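Going down the list, the sequences are from chains A and B. Sequential numbering of the first sequence, starting at 1, is according to this note's numbering. Sequential numbering of the second sequence, starting at 1001, is according to this note's numbering. Glycine included, each C-beta is placed from N, C-alpha and C at the ideal position. Here the structure is a predicted model, which means the values were calculated and not measured. Here is the structure we will look at, set down as structure tokens.
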Amino acid sequence: MENMQAVNNFVAAYLKKKGFKEAEQLLEDLQNKDSAPIDFHNDPELAKFIHHFSQSEDDVARYQDGYSKLRSWTYSSLDLYKHELLRVLYPVFIHSFMDMVAKGHLQEARTFFNNFREDHELMHSRDLQKLEGVLSQSHLEEMEFARSLRQSKVNIKICQYSYDLLLQYLHKTQSTAMLGVINEHINFQVSSGQPSSISDDAEVVTLIGSCQDTANQINQKEIHWGLLEDSLEERLEKAGGLLSDSEKTEEENKEGDGDETKKRSVESGKQGASTKKLKKEKALNATAKSARPEASTTPAAPRVKAKLPLPLMSTEVEQSILEDLRNRVQLSSVLLPSVSFYTFLNTHNGLNCSSISHDGSLVAGGFSDSSLKVWDMAKLGQQGGSSILQAENDSTSSEHVVGPNGGKRSYTLFQGHSGPVHSATFSPLGDFILSSSADTTIRLWSTKLNANLVCYKGHNYPVWDVQFSPVGHYFASASHDRTARIWSMDRIQPLRIMAGHLSDVDCVQWHANCNYIATGSSDKTVRLWDVQNGECVRIFIGHRSMILSLAMSPDGRYMASGDEDGMIMMWDISSGRCITPLMGHSSCVWTVAFSCEGSLLASGSADCTVKLWDVTTSAKVPRNEEKSGNPNRLRLLKTLATKSTPVYSVQFSRRNLLFAAGALSKNL
Amino acid sequence: MSIVAKETIEVIAQSIGINNLSDDAALSLAPDVEYRMREIMQEAIQCMRHSRRTILTTDDVDGALNLRNVEPVYGFTSGGPLQFKRAIGHRDLFYIDDRDVDLKEVIEAPLPKAPLDTGVACHWLAIEGVQPAIPENAPVGVIAAPSNGNTHEQKDELPVDIRLPVKHVLSRELQLYFDKITELTLRKSDSALFKEALVSLATDSGLHPLVPYFTFFVADEVSRGLNDYSLLFALMRIVWSLLQNPHIHIEPYLHQLMPSVVTCLVSKKLGNRIADNHWELRDFTAKLVALICKRFGHVYNTLQTRLTKTLLNALLDPKRALTQHYGAIQGLAALGPNVVRLLILPNLEPYLRLLEPELLLEKQKNEMKRYEAWRVYGALLRAAGQGIYERLKIFPPLPSPPGHTIWKSKEKVVTAVPNKRKASMEPLEDEPALKKIATDGPIGSLALVTTLAPSGQNDAGQPSSSEKKTANRVGKDGQTLKKSAILNQIWKDDLNSGHTLVTLLELLGEGILSFIPSPEMSLFL
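See the structure below:
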């Protein structure tokens, strides 16, 4: 019986090779007498069948052969359609490889992989590195990346003609192996008309867990990206720029705040009970937004209500912030900021992160020896003789700690973590610091008391990033355990857990109105989450490597993200689309920051430069002109080179002075 | 098929005490080991990124192992480079050279110096978008700073929509610096402070924005202050310092600088007092001109031709003052021997005829004039001498005859010398007979030994009377054919030079002799 089967298979293969379709069909019919009849006129079905058939035949050389033929055909295809067809090659390549591995032809799979990996090295080097290690069937099942690749289909947008060309080729050459791979793993979105331009090939093969449709669906959700009602900026505008008339403002503030703050303070006390109220508020949001007449003083940016109960702000603090806002320098492409640079010396390669308080008076560094060190720049300035800082914050409390060797240290040492400190963040007023560490904890420190106040445990793996919310009190963390979490300072348990990323969550950033957080991940996506219900509301796809840094524009409309390759992408939050990639850095972009009025973007990179980008032009472009347009709308204004100092953090003060920090490293 | 070979697995198995690992097991373990390794490296890269580094370290690998609850690998955190050694007898087996450390030694060793504590330094990376030229900033910023009108910063970027008129902004510090320097130049150019200022001009990196101001200053002051000798000298020194500064691109300003410099070289009158040593200034300026030509001659190929034309015109115009002639000669001489040979030597004879009356006491009664004439004569002599010296020096080293000839000839030569010396005493004044002159120095006799010509003469047995004969003789006696061909060429060149030398001697008398290197002199005279 087995013999018989083999003979049949052989005959079938022969007929197919020679193109005797009818005879082949007859034979097949004969073989599958008792199985259900197959509709041969439906192309994909037939292909699938043939695919299965070829599987039984186990002819691995066909993958190699078929792929190399497909590749050379693609490369020699018409220029107009070439780039669309090229996109097909990568998924075909990786799936062919995995098919071969799955069938146990490891040797052949390896040679196949090495033969063609160069083609995709440029775009997908990290993925290829991952896949290279796959050496047996069990690895395929074990490796999450491979598994999700196998399970999900890749979406490729392609124009009608390219699609026809491809099908024609596949039929003509009878390369069933390729046809099988394409049918099984690629989902073509055929669009009529012209092929898409090369520039927007954002259709990088990026995994998003579920299929593309759900991503699109997620991106359809409504987002209220407007600023908070009753924010300080708004009040300043209301005050009509009466610089001298501070008393009046104060009174206004008091009156305006009186009831609301009381209410809020009650709310924040009973978090659980307040959710109902919040929901009501949320429902009101939409109406409030539309009902609210656009004030002439606030251009375009709509106002939204906070979904979180906001912390109180004392009037003195408010006054100082208002003072800052009045004295703010208006930056533009012709008026660039002054940059004050903090260089960490003698770090012995141990500096993992740095953070600068909003007024630039405090600088914190997290080290791989588990320590967190904070420098008071106002004091350092006094010693050095020149104080360039606008330290209006009185930071008299933190005294110089006398070191164990009796000598005076220039910094305050915070010890408590038991693993490398990966991130630190100052509260908006500079009185607290949060640090996250590889020991899976987040610690809250007081800069006034120089002591550890709280240790937040919840993550199961190293916490890569922690960020205070713009209003303080709340903070968000990102971890190797693939979640981001929202916390409040007064609770040791997280308030929300955002799960959905397929790999480490590497960075986190708050939206200007505190209702959303954005997370960047090693799965090459940026996600936006609703803080209130913990749902993912946007997926931004387009990066080609791990995302390292995020920044939100102060008007809440845009987001910038920097990745490992040195690319920065500007995203329109409401549409979920990339406005334009900013290219210029040659290495990891560790940090990005918007200036306070959102006209400039500063970025710091491992290539030892701070770059300033003009982003006003893009903001002024009418939104109906969504994509397309010329890609040069955002431009590089200035490159500031440091002296072999990779830039770890950049931060604009409220008065628009730019602070940057980095560790001097000789061995670059 | 995987990076990890089966043998490696076997070796590792043996090292942990499993001796009977089957082949199949090793074979299937190998790919899995590779996979695990890659997995760990993957996470190590993650750790590296979160430590804000671009270089993977052992700490990152430990961190990655830690993530998987694997005990870290000990002993690799020292940071020193690891030494891999090949196991003897195995082709692909390596091990780490891990020496035994004597614990006692380690304990007793004095504590190493504590590393420096971490600190933070603060500086301005940019002020309103412009990078100040301070040591904390990368030096690239200096060049990129706005300079003469066309800003470099916009060159390599995307086209700018609106081009604002670029203002040349000078920082307050630079303005102060400029004021200080100019004041020093005008008032106290002989102070020690001025010397410091010159050093600063020659070395400081942030001065480029000031270059146009300095060139203007120099041009302005030279045109006004031709009577002030010390000022002129100070100005030339400033130009010299600016030329020395490696951080300054002075090319665009050369056209403004050159007229002032040439003025200081060939002006009729520099300084208003007799005591002013304007000769020194001219000498210095000549050196300056030569420096400029050497540095920028290849960029501006008309530079040198224009310069030499100016100088030659000054020299050949009999109406010009002798001081001007002096400057022109010094300038030309500084430009190198070729210029001297091509431009001065052909004009030497007519010029000397012109100069002669000025030199003589009876013809030129004015003491001052005569002094100037002698200065010019001296300069001329020096220029011609140096020209011919360089000329002679560039000849390929004379092919020395085979050793035995030297030794053989040595005795003869030595014996011959006294005769020659005697013979040469007389014709020293007598020009036609000069060809046989040997030398006027005590080293002459020694130098003579090594030269070819006397040996040839001695071989011939009788001193030949003309250079040409010697040449032929040598060619004939000639060592090898190849050598003779080269020699012929050399002799031809030598003859030309010889003739030049003779003419020079005729014109300038024995003053020229001190410029001729002794061996060559013995060859030609």
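Secondary structure remark: continuous beta strand (DSSP E) runs of at least 3 residues inside the region 420 to 458 of chain A, in chain order: 421 to 426, 432 to 437, 441 to 446 and 451 to 457.
At least one CB atom of chain A sits nearer than 7 Å to the CB of histidine 1123/B. With contact defined as three or more Cβ pairs closer than 8 Å, the region 320 to 340 of chain A and the region 1020 to 1037 of chain B are not in contact.
Chain-ordered, the chain B residues with CB closer than 8 Å to the CB of threonine 343/A read Val1120, Ala1121, Cys1122, His1123 and Glu1136. Apart from the 5 residues on each side of it in sequence, serine 371/A sits with its Cβ closer than 8 Å to the Cβ of Leu413, Phe414, Gln415, His417 and Val421 in its chain, given in chain order. The straight-line gap separating the alpha-carbon atoms of phenylalanine 1194/B and aspartate 1179/B is approximately 13 Å.
Taking 7 Å as the threshold, the shortest C-beta distance from proline 1112/B to chain A does not fall below it. Among the residues of chain B, none has a CB under 9 Å from the CB of tyrosine 63/A; the nearest is roughly 17 Å distant. For a cut-off of 8 Å, the C-beta gap from histidine 185/A to valine 154/A is around 6 Å, short enough to register as a contact. For tyrosine 1095/B, the pairing in a beta bridge is given by DSSP as Lys1085/B. Going by beta carbons, alanine 484/A and valine 466/A fall outside the 7 Å limit. In the three-state reduction of the DSSP assignment, tyrosine 1074/B falls in the coil class, being assigned neither a helical nor a strand state. In the DSSP assignment, the residues bridged to aspartate 376/A are Leu362/A. Under DSSP, no beta-bridge partner is assigned to phenylalanine 1217/B. Only exposed fits glutamate 1105/B, as fewer than 16 other CB atoms lie within 10 angstroms of its CB. Counting the other Cβ atoms within 10 Å of the Cβ of alanine 61/A gives fewer than 16, which makes it exposed. Contact of lysine 18/A with chain B is not assigned, every C-beta pair being separated by 7 Å or more. If you draw a straight line from the Cα of serine 603/A to the Cα of threonine 440/A, it comes to about 28 Å. Residue burial annotation: serine 68/A is exposed, with fewer than 16 other C-beta atoms found within 10 angstroms of its C-beta.
Restricting attention to Ala438/A, Gly430/A, His358/A and Tyr461/A, the CA atom closest to the CA of lysine 448/A is found in Gly430/A.
Here tryptophan 613/A carries a strand assignment [DSSP, helix/strand/coil]. By the CB criterion at 7 Å, glycine 556/A and asparagine 515/A fall outside the cutoff.
For isoleucine 573/A, the three-state secondary structure derived from DSSP is coil. Excluding its 5 nearest sequence neighbours in each direction, tyrosine 342/A has C-beta neighbours in its own chain below 6 Å: Val363 and Ala661, listed in chain order.
Between glycine 566/A and serine 586/A, the beta carbon gap of about 5 Å places them in contact (Cβ cut-off 8 Å). If only uninterrupted beta strand (DSSP E) runs of at least 3 residues are considered, those enclosed by the region 532 to 605 of chain A are 536 to 541, 547 to 552, 558 to 563, 568 to 572, 577 to 582, 589 to 594 and 600 to 605.
The beta-bridge partner set that DSSP reports for methionine 498/A consists of Ala484/A. DSSP places arginine 1038/B in the helix class (H, G or I) of the three-state scheme. Minimum Cα-Cα distance from phenylalanine 1296/B among the listed residues Ser1267/B, Ala1064/B and Leu1254/B corresponds to Leu1254/B. Taking the Cα positions, serine 162/A is about 7 Å away from glutamate 84/A. DSSP lists Phe341/A as the beta-bridge partner residues of histidine 1123/B.
The continuous stretches of alpha helix (DSSP H) do not include serine 354/A, which lies in the beta strand (DSSP E) extending over residues 351 to 356. Put simply, the CB of serine 1230/B is far from chain A, with every gap to its CB atoms at 7 Å or more. Per the C-alpha coordinates, the member of Tyr558/A, Ile218/A and Ser599/A positioned closest to threonine 580/A is Tyr558/A. For serine 138/A, the enclosing alpha helix (DSSP H) covers residues 137 to 142.
Among the residues facing chain B, asparagine 460/A is not included, as its CB has no counterpart in that chain under 7 Å away.
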